[in-house]
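Some notes on the structure that comes next.
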Amino acid sequence: MHLHLIAPRMSRRPMDSDWKTRMSPPLALLTVAALTPPEHRVTLHDENIERPRLDLRPDLVGLTVKADTFARACELAAHWRRLGVPVVFGGIHPTACPDECAPFADALVIGEAEPVWSALLADLAAGRLQPRYQAAAPADLAAVPPPRWDLLNGGKYLFTNTLTMSRGCPWQCDFCYSSSPNLPRGHRMKPVAHILDEIRALGTDHVMFIDDNFIGSPGRARELVAALAPLGLTWHAAVSADIGERLELLDAMAAAGCQSLFIGFETVNQANLRGCRKAQNRVAAYDATLREIHARGLMVNASLVFGFDEDGPEVFAETVDWLERNRVATMTAHILTPYPGTRLHQRLLAAGRIVERDLRRYNTAYAVFQPARMSAAELEAGYRWAYRRFYAWRSIWRRQPLAAAQRVAFWEFNLLYRKFGKLTCWAGRLFGMRTLARLARAVAYPRALVAGTRPSRAPQACPEVPPHPASSHPWKATHEPAV
Ligand code: B12
Ligand code: SF4
């Protein structure tokens, strides 16, 4: 049989360039391809990097579907269903909202593909495709095959060095898919040997772990980090904000070549954190956490959310002041988005506060609900202002890292990716995204290219950063409640 797997076009946020949608390949589809027995032919298409091949007549079309790509997935599905080709939807949106997705596909894979994919293919071959496939138990991560990287047109992506070491997260923040009933609870890790094999198969000394939470099982993460240490890798990961309470693990990560952490701080208001049940974050500990991370020479990409119930129009300046004061290298900000299937969605729906149902706008750049302490227009305008202000020259200058080892990466990200992203993306198209990424990486992390020459990453004394005299927002007085 011929299986055609597709990642539909994402709805790009106004502040992003194509770097964002071409950042990395759809790992889910590479994984589904790897699960497919070799007697079947698999083709893969990512609509974010090339036009769809509507002329193909495969035996099955598989689409990976997120909230913001749902509408496009339905259009593509309708095309092939008209031609009599069965279509299966998988991914986070059909998992969280199977009933809404069911009319648009012949079959849904609810949750992980590993336990059900071969049964689905057998049913298809026998002409008895079922409408829903859902595993009774979570996948055995020891048996997950490495992704089929060979199917990719890798040169068109910024990074092709992504991998996961786990699935899930031990926490259940209200706005996150982890709070959705169809997702397996808790954090599960792949065996360390398995992860090392995946890294070797990538054939690079620079990898990005794109898990929800690299420290979701701290003991197991320690084992992995110990195994990574001798490899001389440069790597990046996403961790929860309680990393500040695990300094030994942080030491080990820095010593093993970790260069930057993506952290969901979300808000500088503890009441907001309580409201969304983000129990692991303590605003009072944020500054110290950032100091500890910076002292070990790591950069931080802070993930922030605007529009919680305690947020008024002052939240944007307060948050950016805090980021600048702490010299946070990069920011990924979101407007609070009630993804269907999450607890947040249930709560706002029940309160009649969802004002926008077009899921194409559910990419965190739009206020799709009625905020409590400002208008939807103020929320959107404030959000865009926060991006402009954070990536303004003045702010970039103030946020320069104290650790010399991170300065080049800092300037590269702030200028090449954010400030001049549209221009550099054009250059990327001309010379190849990956060629440019490799060049940027070689300049930012030159020592990583010479095995065994990594400098010591023992914590350095890192001076407390004084508040900016120009800061006009007394955020500390209002936003440092006791916990
Ligand atoms: C990597 C990633 C990205 C990459 C995507 C790269 C790519 N080309 O796919 C980038 C950086 C581009 C990205 C961007 C964004 N992302 Co993102 N991202 C992720 C992340 C961390 C990992 C996804 C992944 O690859 N997982 C590994 C694979 C193997 O697991 P999986 O996807 O669950 O797939 C399994 C099953 O679901 C199933 N499956 C999946 N697809 C299919 C298809 C078929 C046919 C079948 C049979 C099975 C199947 O089988 C797989 C194996 O079991 C997820 C978090 C998460 N844990 O999923 C968030 C996540 C998907 N992102 C999210 C968000 C909010 C965003 C942004 C809006 C953030 C922002 N404000 O910029 C943007 C959207 C971009 C835009 N619209 O402009 C949300 C939800 C998004 C949504 N719309 O529904 C998530 C869930 C994070 C969260 N917890 O809130 N993201
Ligand atoms: S810590 Fe992050 S990944 Fe985990 S439930 Fe909360 S938002 Fe989701």
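To convert a position in the sequence shown, counted from 1, into my numbering, add 6.
We put the beta carbon where it would ideally sit given N, CA and C, even for glycine.
Heavy atom of the ligand SF4 within 6 Å of W328 beta-carbon: On the sequence shown, position 322 is the one that residue 328 refers to. It does not: the Cβ of W328 is nowhere closer than 6 Å to a heavy atom of the ligand SF4.
Given 8 Å, three or more beta-carbon pairs between the segment 38-46 and the segment 8-21: yes
Beta-carbon gap between C179 and C282 smaller than 7 Å: The residue labelled residue 179 in the question sits at position 173 within the sequence shown. The residue labelled residue 282 in the question sits at position 276 within the sequence shown. For C179 and C282, yes; Cβs fall inside 7 Å.
The ligand SF4 heavy atom lying under 6 Å from the CB of G270: Residue numbering aside, residue 270 sits at position 264 when the sequence shown is read from its first letter. At least one heavy atom of the ligand SF4 is nearer than 6 Å to the Cβ of G270, so yes.
Contact test: C182 Cβ vs the ligand COA heavy atom, cutoff 6 Å: The ligand COA is not part of the structure shown, which contains the ligand B12 and the ligand SF4 as its ligands.
Beta-carbon separation (whole angstroms), A73 vs H99, contact threshold 8 Å: Looking up residue 73 in the sequence shown gives position 67. Looking up residue 99 in the sequence shown gives position 93. Indeed they touch by this definition, with Cβ atoms about 5 Å apart.
Nearest-angstrom Cβ-Cβ length linking F375 and L354, presumed shorter than 8 Å: Here residue 375 is taken as the residue at index 369 of the sequence shown, counted from 1. Here residue 354 is taken as the residue at index 348 of the sequence shown, counted from 1. Correct: roughly 5 Å between the Cβ atoms.
Nearest-angstrom beta carbon gap, A382 and V361 [assumed within contact, 8 Å]: As a first step, residue 361 must be located in the sequence shown, where it is residue number 355. As a first step, residue 382 must be located in the sequence shown, where it is residue number 376. The Cβ separation is near 7 Å, so the contact holds.
Contact test: D248 Cβ vs the ligand SF4 heavy atom, cutoff 6 Å: Start at 1 with the first residue of the sequence shown, and residue 248 comes out as number 242. No, the ligand SF4 has no heavy atom inside 6 Å of this Cβ.
According to DSSP, residues forming a beta bridge with W264: Reading the sequence shown from its first residue, position 258 is the one you call residue 264. The amino acid occupying residue 264 in the given sequence is Cys; Trp does not appear at that position. Its beta-bridge partners are W241.
F419 in three-state terms, based on DSSP: In the sequence shown, residue 419 corresponds to position 413, counting from 1. Helix, per DSSP.
Environment of D61 [buried if 16+ CB atoms lie within 10 Å]: Within the sequence shown, the letter at position 55 stands for residue 61. When all chains shown are included, D61 counts as exposed.
Three-state secondary structure assigned by DSSP to E45: To locate residue 45, count along the sequence shown from 1; it is residue 39. Coil at E45, not helix or strand.
Span separating the alpha-carbon of T441 from that of S401: For the purposes of this step, residue 441 is taken as residue 435 along the sequence shown, with counting starting at 1. For the purposes of this step, residue 401 is taken as residue 395 along the sequence shown, with counting starting at 1. For T441 and S401, the distance between alpha carbons rounds to 29 Å.
Span separating the alpha-carbon of K26 from that of P344: For this step, residue 26 is matched to residue 20 along the sequence shown. For this step, residue 344 is matched to residue 338 along the sequence shown. Cα to Cα, K26 sits roughly 21 Å from P344.
CB of V326 within 7 Å of CB of F215, strictly: In the sequence shown, residue 326 corresponds to position 320, counting from 1. In the sequence shown, residue 215 corresponds to position 209, counting from 1. Their beta carbons are not under 7 Å apart, which means V326 does not touch F215 by this criterion.
Distance CB(A199)-CB(P152) smaller than 7 Å: Within the sequence shown, numbered from 1, the residue matching residue 199 stands at position 193. Within the sequence shown, numbered from 1, the residue matching residue 152 stands at position 146. In this structure, P152 does not lie closer than 7 Å to A199 by Cβ.
Beta carbon of G117 nearer than 7 Å to that of A141: As a working mapping, residue 117 is identified with position 111 in the sequence shown. As a working mapping, residue 141 is identified with position 135 in the sequence shown. Against a cut-off of 7 Å, the Cβ pair of A141 and G117 comes out as a contact.
Euclidean distance between Cα positions of A415 and A450: Counting from one through the sequence shown, the residue named residue 415 turns up at place 409. Counting from one through the sequence shown, the residue named residue 450 turns up at place 444. So the two alpha carbons sit approximately 5 Å from each other.
Three or more C-beta pairs below 8 Å linking the segment 54-68 and the segment 183-201: no
Beta-bridge pairing of N307 - partner residues as DSSP gives them: If you number the sequence shown from 1, residue 307 lands on position 301. Paired residue(s): F268 and T336.
Within-7 Å CB hit, P44 to chain C: Included in the structure is just one protein chain, with no chain C present.
F181 (DSSP reduced to helix, strand or coil): Taking the first residue of the sequence shown as position 1, residue 181 is located at position 175. It is coil, neither helix nor strand.
Backbone CA spacing between S30 and N275 [nearest angstrom]: Translated into positions along the sequence shown, residue 30 becomes position 24. Translated into positions along the sequence shown, residue 275 becomes position 269. Going from the Cα of S30 to the Cα of N275 covers about 32 Å.
From A131, P32 and L33, residue whose alpha carbon lies closest to that of H46: Mapped onto the sequence shown, residue 46 falls at position 40. Nearest of A131, P32 and L33 to H46, Cα basis: A131.
Alpha helix (DSSP H) segment containing T441, residue limits: The residue you call residue 441 lines up with position 435 of the sequence shown. That run of the alpha helix (DSSP H) goes M439 to A450.
Whole-Å CB distance - A145 paired with P121, under 8 Å assumed: Reading the sequence shown from its first residue, position 139 is the one you call residue 145. Reading the sequence shown from its first residue, position 115 is the one you call residue 121. The Cβ separation is near 5 Å, so the contact holds.
Whether D293 touches A378 by CB criterion (7 Å): Here residue 293 corresponds to residue number 287 of the sequence shown, with the count starting at 1. Here residue 378 corresponds to residue number 372 of the sequence shown, with the count starting at 1. Contact: no.
Backbone CA spacing between A291 and G438 [nearest angstrom]: Within the sequence shown, numbered from 1, the residue matching residue 291 stands at position 285. Within the sequence shown, numbered from 1, the residue matching residue 438 stands at position 432. Straight-line Cα distance between these residues: approximately 42 Å.
Segment contact, 8 Å Cβ cut-off, at least three pairs: the segment 147-163 with the segment 222-229: no
Limits of the unbroken alpha helix (DSSP H) element including S124: On the sequence shown, position 118 is the one that residue 124 refers to. First-last of the alpha helix (DSSP H) with S124: W123 to A131.
Extent of the continuous beta strand (DSSP E) run through C299: Mapped onto the sequence shown, residue 299 falls at position 293. Inspection of the sequence shows that residue 299 is occupied by Ile rather than by Cys. Careful: I299 lies outside any beta strand (DSSP E), inside the alpha helix (DSSP H) at V289 to A301.
P32 CB to nearest heavy atom of the ligand B12 below 6 Å: Start at 1 with the first residue of the sequence shown, and residue 32 comes out as number 26. Yes, the ligand B12 has a heavy atom inside 6 Å of this Cβ.
Per-residue DSSP class, three states only, for A341: Start at 1 with the first residue of the sequence shown, and residue 341 comes out as number 335. For the sequence presented, residue 341 should be read as Ile rather than Ala. Strand, per DSSP.
Cα-Cα separation, A335 to M305: Indexing the sequence shown from 1 puts residue 335 at position 329. Indexing the sequence shown from 1 puts residue 305 at position 299. Between A335 and M305, the C-alpha separation is close to 6 Å.
Cβ-based burial, Q136 [other Cβ within 10 Å; buried from 16]: Reading the sequence shown from its first residue, position 130 is the one you call residue 136. Result: exposed.
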